[in-house]
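Peer 1: I have a structure here, written as C-alpha cells, and I will follow up with some questions on it.
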Amino acid sequence: MLESLGSLAGSPWIYAVVALSVLFDVFLPVLPSGVLVITAATAAAAGTTTVAASTTAGAGTAGTVAQVPEEVPSLLLLMLCAFSASVLGDLAAFRRGGERLGRAIARSRRLTTAQERLGGALAGGRGILVVIARFAPAGRSVVSLGAAHRKVKEFLPWSALAAVAWTGYSAGLGYFGGQWLGATWIGAGVSVLALFVAGALAAYVIRRPATGPATA
C-alpha cells in the first residue's frame, strides 16, 4: 500500500493534503476526503505492522536486519489534522454560507427537506442528527447551511462531536483494516466500502420523513 501511495504517504505533505481536502469538501462534496483519511491511516498501519514484523524476525533470526520504512504517517497527527479541518470548514460554511451550494440544494427537494429538518433538529435540541448527517454524501454541507440561522453555541458542539465521530471512524477503518487485512488495496478497498455503507445508512436516516412525537 505504501508503494501505491508513493512519496506522498511518507511526506509531511500528506497532512496538508488531508487537511485541505477535509476543509473544503463542505463546499465541494465531491472531494474524496474520507478516502484520503482511510488511505493515509492504512499507510500508518503498514508502518506499525512492519515494525512488529521486524521485531519478531530480529528475536528469532540473528544477524538479520529488517527494512522498516523511515517515514509513515502518524495516526494521531493525521486524526488531529482531519478533526481540526472538519470543524474549521464547518464554521466557515456556517459563517459565510455557500451561495452556489445553497442554490444547488434548493434545486433538490430531498436536500431541501433534509436541510430544513436538520435546522429544526438543532432548534429542538436533537443535534445527534447533525452527527449522523456528517457521514452522508453532502450531509456536512446540508448541516452547515441548515444551521445558518442558529447560534454558534448551538452548532459548534455538535459540529465538533460530528468531527470526532467521522474522523475516528474513517481513520479507524483504515488503520485496523490495514492491520487485519494487510496494507494492500484489498484492505483499503474494504475500509472504503465500509465508509460508503455508513454514508448510505446516514443518508437514509436524514432523508426519511420525520415521525411525530410518541404518545404515551
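My numbering puts the first residue of the sequence shown at 49, with every later residue one more than the last.
Glycine included, every Cβ here is placed at the ideal spot set by N, Cα and C.
(1) Under 8 Å, do residue 125 and residue 63 count as touching if we go by C-beta distance?
(2) So for residue 122, helix, strand or coil by DSSP?
(3) Using DSSP with H/G/I as helix, E/B as strand and the rest coil, what is residue 229?
(4) Give the secondary structure of residue 59 by DSSP, where H, G and I count as helix, E and B as strand, and everything else as coil.
(5) Name the two residues that bound the continuous alpha helix (DSSP H) containing residue 181.
(6) Using beta-carbon positions only, say whether residue 138 and residue 83 come within less than 8 Å of one another.
(7) Find out if the Cβ-Cβ distance for the pair residue 208, residue 250 is shorter than 8 Å.
(8) How about residue 214 and residue 244: do their beta carbons lie closer than 8 Å?
(9) On a CA-only basis, which of 70, 176 and 90 is nearest residue 237? Give me that one, please.
(10) Would you check if the distance between the CB atom of residue 225 and the CB atom of residue 239 is smaller than 8 Å?
(11) Using the three-state DSSP reduction, which class does residue 266 fall into: helix, strand or coil?
(12) Out of 177, 191, 131 and 178, which one is the CA nearest neighbour of residue 141?
(13) Please determine whether the Cβ atom of residue 76 lies at a distance below 7 Å from any heavy atom of the ligand GTP.
(14) Does the distance from the CB of residue 177 to the CB of residue 254 come in under 8 Å?
(15) Do you know whose CA, among 92, 189 and 123, lies nearest residue 136's CA?
(16) Can the beta-carbon of residue 133 be found closer than 8 Å to that of residue 212?
(17) For residue 186, count the other beta carbons within 10 Å of its own beta carbon; 16 or more makes it buried, fewer makes it exposed. Which is it?
(18) Going by other Cβ atoms of all chains shown within 10 Å of its Cβ, with 16 needed for buried, is residue 235 buried or exposed?
(19) Sorted by chain position, which residues of the same chain lie with C-beta nearer than 7 Å to residue 179's C-beta, five sequence neighbours on each side aside?
Peer 2: With the structure as the only source:
(1) If you number the sequence shown from 1, residue 125 lands on position 77. If you number the sequence shown from 1, residue 63 lands on position 15. Cβ distance < 8 Å, so residue 125 and residue 63 count as in contact.
(2) For the purposes of this step, residue 122 is taken as the residue at position 74 of the sequence shown. Looking at residue 122 - three-state DSSP - the assignment turns out to be coil, as it is neither helix nor strand.
(3) Position 181 of the sequence shown, counted from the first residue, corresponds to residue 229. Reduced to three states, the DSSP call for residue 229 is helix.
(4) Numbered from its first residue, the sequence shown carries residue 59 at position 11. Residue 59 falls in the coil class under three-state DSSP.
(5) Mapped onto the sequence shown, residue 181 falls at position 133. That run of the alpha helix (DSSP H) goes 176-181.
(6) Here residue 138 refers to the residue found at position 90 when the sequence shown is read from its first residue. Here residue 83 refers to the residue found at position 35 when the sequence shown is read from its first residue. Contact flag unset, no.
(7) By one-based count along the sequence shown, residue 208 stands at place 160. By one-based count along the sequence shown, residue 250 stands at place 202. Not closer than 8 Å, so no.
(8) For the purposes of this step, residue 214 is taken as residue 166 along the sequence shown, with counting starting at 1. For the purposes of this step, residue 244 is taken as residue 196 along the sequence shown, with counting starting at 1. No, Cβ-Cβ distance for residue 214 and residue 244 is not below 8 Å.
(9) For the purposes of this step, residue 237 is taken as residue 189 along the sequence shown, with counting starting at 1. That would be 90, whose Cα lies nearest to the Cα of residue 237.
(10) Within the sequence shown, numbered from 1, the residue matching residue 225 stands at position 177. Within the sequence shown, numbered from 1, the residue matching residue 239 stands at position 191. A contact, by the Cβ cut-off of 8 Å.
(11) Residue 266 lies beyond the stretch modelled for the chain, which goes from 49 to 264, so this question has no answer here.
(12) Start at 1 with the first residue of the sequence shown, and residue 141 comes out as number 93. The residue with the shortest Cα to Cα distance from residue 141 is 191.
(13) This structure simply doesn't include the ligand GTP, nor any ligand for that matter.
(14) Translated into positions along the sequence shown, residue 177 becomes position 129. Translated into positions along the sequence shown, residue 254 becomes position 206. Yes, Cβ-Cβ distance for residue 177 and residue 254 is below 8 Å.
(15) As a position in the sequence shown, residue 136 is number 88, starting the count at 1. Per the Cα distances, 189.
(16) Counting from 1 along the sequence shown, the entry for residue 133 is found at position 85. Counting from 1 along the sequence shown, the entry for residue 212 is found at position 164. No; because the gap between Cβ atoms is not below 8 Å, this pair is not in contact.
(17) Here residue 186 refers to the residue found at position 138 when the sequence shown is read from its first residue. Label assigned to residue 186: buried.
(18) The sequence position of residue 235 within the sequence shown is 187, counting from 1. So residue 235 ends up on the buried side.
(19) Taking the first residue of the sequence shown as 1, we reach residue 179 at position 131. Counting only Cβ-Cβ distances below 7 Å, and skipping sequence neighbours, we find 206, 209, 210 and 213.
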